[in-house]
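Engineer: Protein chains in written order, with this note's numbering: chain A, 399 to 677; chain B, 91 to 349.
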Amino acid sequence: MDEDAGSMERIFNNGAGAIVTKSIGLKPRKGYPNPTVIELEHGILNAIGLPNPGIENFKDEIIKLKKINIPVIGSIFGTDSEEFVTLAEKMQNYGVDALELNMSCPHAKGYGLEIGCDPDLVKEITLNVKKSTNIPVFVKISPNLANIVEIAKSAEEGNADGIVAINTLKAMKIDIEMQMPVLSNKIGGYSGNAIKPIGIRCVYEISKNIDIPVIGVGGITTGIDAIEYFMAGASSVQVGSAIYQRGLDVFKKICDEIKIWMENHRYNNISDLVGVAHK
Amino acid sequence: MNYPKVVKILETKKETLDIKTIKFEYSEDINPGQFFMIWIPNVDEIPMSVSYIGDKIKGITFKRIGDATNALFELKSGDKIGIRGPYGNGFEIHGKNILFVAGGTGIAMIAPSVEEAMKKDIKTTVLIGVKNKNELFFENRIKKYGAELLISTDDGSKGYKGVVSDLAEEIMTDNKFDQVLTCGPELMMKKLFEKSKNISFQASLERYMKCGFGICGQCCVGKGLRVCNEGPVFDGKTLEKIEDFGIFKRDASGKKVIF
Chain A
399 MDEDAGSMER IFNNGAGAIV TKSIGLKPRK GYPNPTVIEL EHGILNAIGL
449 PNPGIENFKD EIIKLKKINI PVIGSIFGTD SEEFVTLAEK MQNYGVDALE
499 LNMSCPHAKG YGLEIGCDPD LVKEITLNVK KSTNIPVFVK ISPNLANIVE
549 IAKSAEEGNA DGIVAINTLK AMKIDIEMQM PVLSNKIGGY SGNAIKPIGI
599 RCVYEISKNI DIPVIGVGGI TTGIDAIEYF MAGASSVQVG SAIYQRGLDV
649 FKKICDEIKI WMENHRYNNI SDLVGVAHK
Chain B
91 MNYPKVVKIL ETKKETLDIK TIKFEYSEDI NPGQFFMIWI PNVDEIPMSV
141 SYIGDKIKGI TFKRIGDATN ALFELKSGDK IGIRGPYGNG FEIHGKNILF
191 VAGGTGIAMI APSVEEAMKK DIKTTVLIGV KNKNELFFEN RIKKYGAELL
241 ISTDDGSKGY KGVVSDLAEE IMTDNKFDQV LTCGPELMMK KLFEKSKNIS
291 FQASLERYMK CGFGICGQCC VGKGLRVCNE GPVFDGKTLE KIEDFGIFKR
341 DASGKKVIF
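(1) Counting only Cβ-Cβ distances shorter than 9 Å, please list the residues of the stretch 639 to 668 of chain A near chain E, keeping chain order.
(2) For glycine 621 of chain A, report the span of its alpha helix (DSSP H) as first-last.
(3) Whose C-beta lies closer than 6 Å to the C-beta of phenylalanine 649 of chain A among residues of the same chain, with five residues either side of it excluded?
(4) Starting from the C-beta of glutamate 401 of chain A, find all residues in its chain whose C-beta is less than 7 Å away, skip the five residues before and the five after it, and write them out in chain order.
(5) Quick check on glutamine 124 of chain B: does DSSP put it in helix, strand or coil?
(6) When the Cα of glycine 252 of chain B is compared with those of B/Phe152, B/Ile147, B/Gly326 and B/Gly193, which residue comes out closest?
(7) Taking 7 Å as the CB-CB limit, is aspartate 400 of chain A close to chain B?
(8) Looking at the C-beta of serine 552 of chain A, does it have a partner C-beta in chain B at a distance below 7 Å?
(9) In or out: histidine 184 of chain B buried (at least 16 other Cβ within 10 Å) or exposed?
(10) Which residue spans inside the stretch 152 to 205 of chain B form an unbroken alpha helix (DSSP H) run of at least 4?
(11) Which word fits aspartate 623 of chain A, buried or exposed, when buried means at least 16 other C-beta atoms lie within 10 angstroms of its C-beta?
(12) For leucine 497 of chain A, list the residues DSSP reports as bridge partners.
(13) Suppose the cutoff is 7 Å on Cβ atoms and the five residues either side in sequence are ignored; what does the same chain contact list for glutamate 101 of chain B look like?
(14) Using a Cβ-Cβ distance under 7 Å, would lysine 339 of chain B count as near chain A?
(15) Do glycine 510 of chain A and asparagine 526 of chain A have their CB atoms nearer than 7 Å?
(16) Distance check for asparagine 132 of chain B and tyrosine 298 of chain B, CA to CA, integer angstroms please.
(17) Hey, does methionine 91 of chain B have any beta-carbon neighbour from chain A nearer than 7 Å?
(18) Looking only at its chain, what residues have a beta carbon closer than 7 Å to the beta carbon of glycine 180 of chain B, apart from the 5 residues adjacent to it on each side?
(19) Is it the case that the Cβ atoms of glycine 447 of chain A and glycine 429 of chain A are separated by a distance below 7 Å?
(20) Taking the continuous alpha helix (DSSP H) assigned at phenylalanine 482 of chain A, which residues delimit it?
(21) Is there contact between the stretch 558 to 567 of chain A and the stretch 584 to 591 of chain A, where contact requires at least three CB pairs shorter than 8 Å?
(22) According to DSSP, simplified to helix, strand and coil, what is proline 517 of chain A?
(23) Which whole-angstrom value is the C-beta distance of lysine 345 of chain B and proline 426 of chain A, which I expect to be below 8 Å?
(24) Could you pull out every residue in the same chain whose Cβ sits closer than 7 Å to the Cβ of phenylalanine 410 of chain A, ignoring the five residues on either side in sequence?
(25) On the criterion of 16 or more Cβ atoms from any shown chain inside 10 Å, does arginine 664 of chain A qualify as buried, or is it exposed?
(26) Determine whether the Cβ of glycine 404 of chain A lies closer than 7 Å to any Cβ atom of chain B.
(27) So what does DSSP say about lysine 248 of chain B, is it helix, strand or coil?
(28) For a cutoff of 7 Å on Cβ pairs, would you count glutamate 481 of chain A as touching chain B?
(29) What residues of chain A sit near proline 202 of chain B, judged by a beta carbon separation below 9 Å?
(30) Ignore the nearest five residues each way along the sequence and tell me which others in leucine 165 of chain B's own chain have a CB closer than 8 Å to its CB.
(31) With lysine 313 of chain B and asparagine 187 of chain B assumed to form a contact (beta carbons below 8 Å), what rounded beta-carbon distance in angstroms separates them?
(32) Report the start-end ranges of each beta strand (DSSP E) in the stretch 318 to 345 of chain B that is 3 residues or longer and not cut off at the edges.
(33) Let me check understanding here. Comparing Cα to Cα, which of B/Met91, B/Ile128, B/Asp169 and B/Ser139 lies closest to glutamate 439 of chain A?
(34) Report yes if the CB atom of leucine 271 of chain B is closer than 7 Å to the CB atom of phenylalanine 190 of chain B, and no otherwise.
(35) State yes or no: is the beta carbon of isoleucine 618 of chain A nearer than 7 Å to at least one beta carbon in chain B?
(36) Please go through the stretch 202 to 232 of chain B and give each complete beta strand (DSSP E) segment of 3 or more residues, from N-terminal end onward.
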């Protein structure tokens with residue numbers, strides 16, 4: 399539900415504080431043939447392959463959202479520093495409030511994780527995007543790495559304003575009747591309930607080792623899940639797959655559940671919860 | 091769960107030169123107008139309206155137009171496909187006198203609704219518009235249900251010569267309908283919508299889809315209305331607010347494509 403202005407407006411009106419757009423590249427990209435999204439026992443498996451209308455065609459969507467003052471985080475992906483900078487500058491000109499650099503998509507050749515696994519490249523891209531823009535820049539990193547803390551540190555050294563963790567986990571589903579992987583790309587990214595403990599661990603490890611804020615994402619379905627992420631060290635959270643389980647108003651529901659938990663436990667500020675599990 | 095159930099094709103039937111029906115066993119309950127996601131291994135997975143709703147046996151009817159439908163067209167009984175669904179809402183059938191307007195293969199989606207209307211003892215008129223008589227199918231099926239059937243062809247090879255929305259306009263002047271229900275090319279449906287202003291209206295929209303269960307946003311129209319979830323059938327009040335209706339759709343990349 400991050401494809402067009404209308405959808406993002408609807409999500410905002412259902413309680414989201416801000417919207418992260420789908421990841422946008424330089425040119426229109428169709429992505430993979432279907433099947434691209436399926437539900438498994440404990441989560442959703444997808445390999446859509448970074449489909450997007452291209453940065454020029456996406457302009458109208460951002461402008462529409464900014465006209466009605468909806469906070470927008472523009473997600474971008476590129477193959478190198480130059481592409482990221484071009485996209486970042488355009489997004490900033492369109493009026494986005496912050497940028498998210500997708501360095502973690504697990505299923506698109508030459509993009510995402512293939513860049514996000516190289517600490518030097520992560521630092522270089524982040525530095526260059528920071529130099530050419532003046533809005534907050536977040537770097538979204540992947541759990542499909544042994545050196546996740548090192549990557550987060552590289553982003554911090556590149557002057558990132560925050561780390562977004564985690565993207566989906568590389569996974570596969572084989573249909574035993576067809577005797578083949580279901581997704582057309584065979585390998586996809588797993589999201590939803592199943593990956594929450596992994597997200598919690600990543601956020602915990604990252605936030606322990608860096609000083610910039612961490613945005614937690616991965617399997618957050620309820621306010622209780624969000625509280626757990628705050629305690630692991632996240633200052634804010636993102637929600638995606640839970641739309642399916644709890645409906646579009648999942649954002650309102652999660653906010654209400656956070657409030658109720660905080661009231662019951664006599665907390666006034668989320669900031670008082672951030673990273674408490676580290677003590 | 092939103093995961094394809096693998097079924098064997100039980101029966102295939104050629105309806106015209108390039109239109110085919112495929113039947114298979116699938117026991118879910120289905121509202122007329124709902125759709126499946128059909129997985130054709132190694133090719134694609136596409137949304138497709140349910141054209142036959144039996145207790146156990148379900149069917150789809152389609153025209154070969156692209157890679158997926160061409161591959162599906164070549165399949166034989168015994169071959170395996172994957173089925174997810176049903177998805178979407180389907181038509182709300184009520185009133186005493188209904189007009190169904192089908193454009194092209196739209197009759198595949200409309201036929202089970204006609205059956206449903208006849209079961210409810212509703213007076214039912216069905217218009218099928220095609221380019222020429224060779225593209226016509228389900229004619230006997232609709233007649234068998236006992237609905238009044240009128241045909242339009244662009245070239246006049248059968249029935250009314252002209253487009254089906256013009257035929258509908260003529261029929262609507264002579265009759266008082268409680269509902270107009272339509273499925274077909276979006277420009278035809280838009281025209282029909284304009285012509286049936288004061289009559290309760292429902293149209294079934296078609297958009298490129300990925301997940302089918304309301305999470306990816308690929309098929310959204312207007313202010314985030316998911317064709318796969320809140321649709322594919324939208325009523326007149328909703329359609330009035332959907333600025334995309336009859337204007338543009340989006341391709342797989344999300345880029346606007348003007349109708």
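All residues carry an ideal CB built from backbone N, CA and C; glycine is no exception.
Structural biologist: On the basis of the supplied data:
(1) Reference to chain E is not applicable here, since the protein chains of this structure are A and B.
(2) Here the alpha helix (DSSP H) through glycine 621 of chain A covers 621 to 630.
(3) Residues of the same chain with a CB within less than 6 Å of the CB of phenylalanine 649 of chain A, apart from the 5 flanking positions on each side, are Asn412, Gly413 and Ala414 in chain order.
(4) Within the same chain, glutamate 401 of chain A has close Cβ partners Lys420.
(5) Three-state DSSP puts glutamine 124 of chain B in coil, outside helix and strand.
(6) Of B/Phe152, B/Ile147, B/Gly326 and B/Gly193, the residue nearest in Cα terms is B/Gly193.
(7) So yes, aspartate 400 of chain A belongs to the interface.
(8) Cβ-Cβ to chain B under 7 Å: no for serine 552 of chain A.
(9) When all chains shown are included, histidine 184 of chain B counts as exposed.
(10) Within the stretch 152 to 205 of chain B, complete alpha helix (DSSP H) segments of at least 4 residues are found at 157 to 164, given in chain order.
(11) Answer is buried; the Cβ neighbour count reaches 16.
(12) As a beta-bridge residue in DSSP terms, leucine 497 of chain A pairs with A/Gly472 and A/Val535.
(13) Residues of the same chain with a CB within less than 7 Å of the CB of glutamate 101 of chain B, apart from the 5 flanking positions on each side, are Lys113 and Ser167 in chain order.
(14) Interface residue (Cβ-Cβ distance to chain A less than 7 Å): lysine 339 of chain B is not classified as such.
(15) In this structure, glycine 510 of chain A sits away from asparagine 526 of chain A, with a CB-CB distance that is not shorter than 7 Å.
(16) Straight through space, the alpha carbons of asparagine 132 of chain B and tyrosine 298 of chain B are spaced by roughly 19 Å.
(17) It does; some Cβ of chain A falls within 7 Å.
(18) For glycine 180 of chain B, where only same-chain residues beyond five positions count, the Cβ hits under 7 Å are Asn121, Pro122, Gly123, Gln124 and Val323.
(19) Cβ distance < 7 Å, so glycine 447 of chain A and glycine 429 of chain A count as in contact.
(20) Looking at the DSSP string, the run of the alpha helix (DSSP H) that includes phenylalanine 482 of chain A is 479 to 492.
(21) A contact is defined here as three or more CB-CB pairs under 8 Å, and the stretch 558 to 567 of chain A meets this definition with respect to the stretch 584 to 591 of chain A.
(22) DSSP places proline 517 of chain A in the helix class (H, G or I) of the three-state scheme.
(23) About 5 Å; that satisfies the 8 Å criterion.
(24) Around phenylalanine 410 of chain A: Ile417 and Ile468.
(25) Flag for arginine 664 of chain A reads exposed.
(26) Judged by the 7 Å Cβ criterion, glycine 404 of chain A is in contact with chain B.
(27) Of the three classes helix, strand and coil, the one that applies to lysine 248 of chain B here is coil, per DSSP.
(28) No, because no Cβ of chain B sits closer than 7 Å to the Cβ of glutamate 481 of chain A.
(29) Contacts between proline 202 of chain B and chain A, judged by CB atoms closer than 9 Å, are missing: the closest CB pair is about 24 Å apart.
(30) Within the same chain, Cβ atoms closer than 8 Å to the Cβ of leucine 165 of chain B are found at Ile99, Thr102, Ile112, Ile130 and Ile171, the five residues on either side in sequence being excluded.
(31) The beta-carbon distance between lysine 313 of chain B and asparagine 187 of chain B, rounded to whole angstroms, is 33 Å. This is too long to meet the 8 Å contact definition.
(32) As far as the stretch 318 to 345 of chain B is concerned, its whole beta strand (DSSP E) runs of at least 3 residues are 323 to 325 and 338 to 340.
(33) For the residues B/Met91, B/Ile128, B/Asp169 and B/Ser139, the minimum Cα distance to glutamate 439 of chain A belongs to B/Met91.
(34) For leucine 271 of chain B and phenylalanine 190 of chain B, yes; Cβs fall inside 7 Å.
(35) For isoleucine 618 of chain A, the answer is no, since every Cβ of chain B falls outside 7 Å of its Cβ.
(36) Here the runs fully enclosed are 213 to 220.
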